[in-house]
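> Numbered per the numbering used here, the sequence shown spans residues 1440 to 1831.
Sharing a structure with you now.
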Amino acid sequence: MKEQINKNRLFLASCMALIVTAMTFAIRARLETVFGPEGVGLTLEQIGYAFTPAFWGFTLAMLFGGPLVDTLGIKKITWLAFIMHAIGIVWTIMASDMTSLFIATLFVGIGNGLVEAALNPMIASMYTKDKTKMLNRFHVWFPGGIVIGAIVGWLVMDVMGLSWQIMVGVLFIPLIAYAILFLGQKFPVTERVQMGVSSKKMYSSLANPLFIFMVICMMLTAASELGTTQRIESLLKTSVSNPLLILAFINGIMALGRAFAGPVIHKLQPTGMLVFSAIFTFIGLWLLTITSGAMTFAAAGVFAVGVTFFWPTMLGFVAEYLPQTGALGLSIMGGAGMLSVSIVLPVMGKLMDDANATEALRTMSILPAILTVAFIGLYLYMKKRKPVTEQA
């Protein structure tokens, strides 16, 4: 009897793996104060450099992992992600200076990248008729995991007064959970393999001007979202007493938005959602430069509404309109996004060291302003075009 693919279990396991990925972002944000000027003694710029491997390591893992997903299979890449995560978590617990923090962050970044490289195309291949909707549901657990990580950090360190090593060690819980859920399961092949698209066709599709445009936009959307949230502790420490709660608030809104993305996707379509997201992200970042206290939550809420649909909708757009780019196309998108974050983190740190957080936020608001114009153009260009799955 042919072994069946358990879509529900694979999807649940994927969500758990993404929770690990997301929790590392929140916990790393909390570590900024541990290793910063008032802790270990690193400058904010040095911390920015120590954190960059989380993003370019992610990028390398996705760029190399993308084509390997088609050849080695989703299963092997997923288990490699588990190994990288385990090493990275242990190394983080042992970190004591910039170098060890850098190496630990690199392993975590590679694990995170491999999770995205393997599981985005797996979900696209399992749910061919609802790619954007299911990718949004999957990516509920990126903000969801950040909420969990932010609350864990707050409870362990601020409420219970325990060590930061215990906070990092909590990551082993979802790590072991996703390993158990994936254990013994049959994995699907990628959609490119299902469609019979050759490697030559896949690589040539990467030169499509529309795909190149989306890659550039992905760099700006990811930097707008993750560049801001990754440095939330330093950006908002003069505005609110506990910036980590702002991070939890932002990601709580994002999780709810992605969980109920279906009707919004149906009404606006991916391009309409992207225009909406860019406008609200710009307004949110601008408001964060002029608010303090309780009003910071209102500004953060507007920002959260903006960035909610960025990442999964960008991936969903490529999966629907450019499926011939395969797993590599999705990996390049995610990798480009993370690469841009690795560039902006030290820049933001430098701005905060030399000027102030307001200047850093004001500079970041330029990105969604550019995206608003770009996505309006995309909306007009794509207005009469249908997804490839509907054209067949």
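We put the CB at the ideal spot given by N, CA and C, even for glycine.
Less than 8 Å between the CB atoms is what I'm expecting for residue 1801 and residue 1752, so what's the real figure, rounded?
Actually they do not touch by this definition, with Cβ atoms about 26 Å apart.
> Does the separation of the CB atoms of residue 1766 and residue 1505 fall below 8 Å?
Yes, Cβ-Cβ distance for residue 1766 and residue 1505 is below 8 Å.
> Rounding to the nearest angstrom, what Cα-Cα distance links residue 1693 and residue 1587 in this structure?
Cα to Cα, residue 1693 sits roughly 13 Å from residue 1587.
> At what residues does the alpha helix (DSSP H) containing residue 1530 begin and finish?
Run containing residue 1530: 1513 to 1533, per the alpha helix (DSSP H) assignment.
> Relative to the C-alpha of residue 1642, which residue among 1770, 1739, 1670 is closest?
The shortest Cα separation from residue 1642 among 1770, 1739, 1670 belongs to 1770.
> Please look up how many angstroms separate the CB atoms of residue 1453 and residue 1561, rounded, as I've assumed it's under 8 Å.
With 8 Å as the limit, residue 1453 and residue 1561 qualify as a contact, their Cβ atoms being about 7 Å apart.
> Against chain D, does residue 1731 count as a neighbour if the rule is that its beta carbon must be under 8 Å from one of theirs?
Among the chains in the structure shown there is no chain D, since it carries only a single protein chain.
> Please go through the region 1618 to 1664 and give each complete alpha helix (DSSP H) segment of 4 or more residues, from N-terminal end onward.
Qualifying alpha helix (DSSP H) stretches, in chain order: 1630 to 1634, 1638 to 1644, 1648 to 1661.
> Distance, Cα to Cα, residue 1748 vs residue 1528?
Computed Cα separation, rounded: 29 Å.
> What's the call for residue 1780, buried or exposed, on a 16-neighbour Cβ count within 10 Å?
Classification for residue 1780: buried.
> Under three-state DSSP, which class holds residue 1604?
It is helical.
> In or out: residue 1440 buried (at least 16 other Cβ within 10 Å) or exposed?
Reliability fails at residue 1440, whose pLDDT of 38 lies under 50, so the model's placement of it is uncertain and the value that follows must be treated cautiously. Burial call: exposed.
> If you draw a straight line from the alpha carbon of residue 1517 to that of residue 1554, how long is it in whole angstroms?
So the two alpha carbons sit approximately 6 Å from each other.
> From 1477, 1495, 1471, 1470, pick the residue whose C-alpha is nearest to that of residue 1661; which is it?
Out of 1477, 1495, 1471, 1470, 1495 has the C-alpha closest to the C-alpha of residue 1661.
> If I follow the unbroken alpha helix (DSSP H) through residue 1744, where does it start and stop?
It spans 1734 to 1746 - the alpha helix (DSSP H) in which residue 1744 sits, taken as one unbroken run.
> Would you say residue 1807 and residue 1697 are within 8 Å of each other, going by their C-beta atoms?
Not closer than 8 Å, so no.
> Taking the CB atoms as reference points, tell me whether residue 1498 and residue 1552 lie closer together than 8 Å.
Contact: yes.
> With a 10 Å radius around its C-beta and 16 neighbouring C-beta atoms as the bar for buried, classify residue 1447 as buried or exposed.
With fewer than 16 Cβ atoms within 10 Å of its Cβ, residue 1447 is classed as exposed.
> Do residue 1672 and residue 1750 count as a contact pair if the criterion is CB distance below 8 Å?
Contact flag unset, no.
> Would you check if the distance between the CB atom of residue 1592 and the CB atom of residue 1465 is smaller than 8 Å?
Contact: yes.
> Is the distance from the Cβ of residue 1919 to the Cβ of residue 1679 below 8 Å?
There is no way to answer for residue 1919, as the model of the chain reaches only from 1440 to 1831.
> So the candidates are 1493, 1508, 1708; which of them puts its Cα closest to the Cα of residue 1572?
Nearest option by C-alpha distance: 1708.
> Quick check: the Cα distance between residue 1597 and residue 1649, rounded to an integer number of angstroms?
If you take the alpha carbons of residue 1597 and residue 1649, they lie about 47 Å apart.
> Give a yes or no on whether the C-beta atoms belonging to residue 1717 and residue 1778 are separated by under 8 Å.
No. Outside cutoff.
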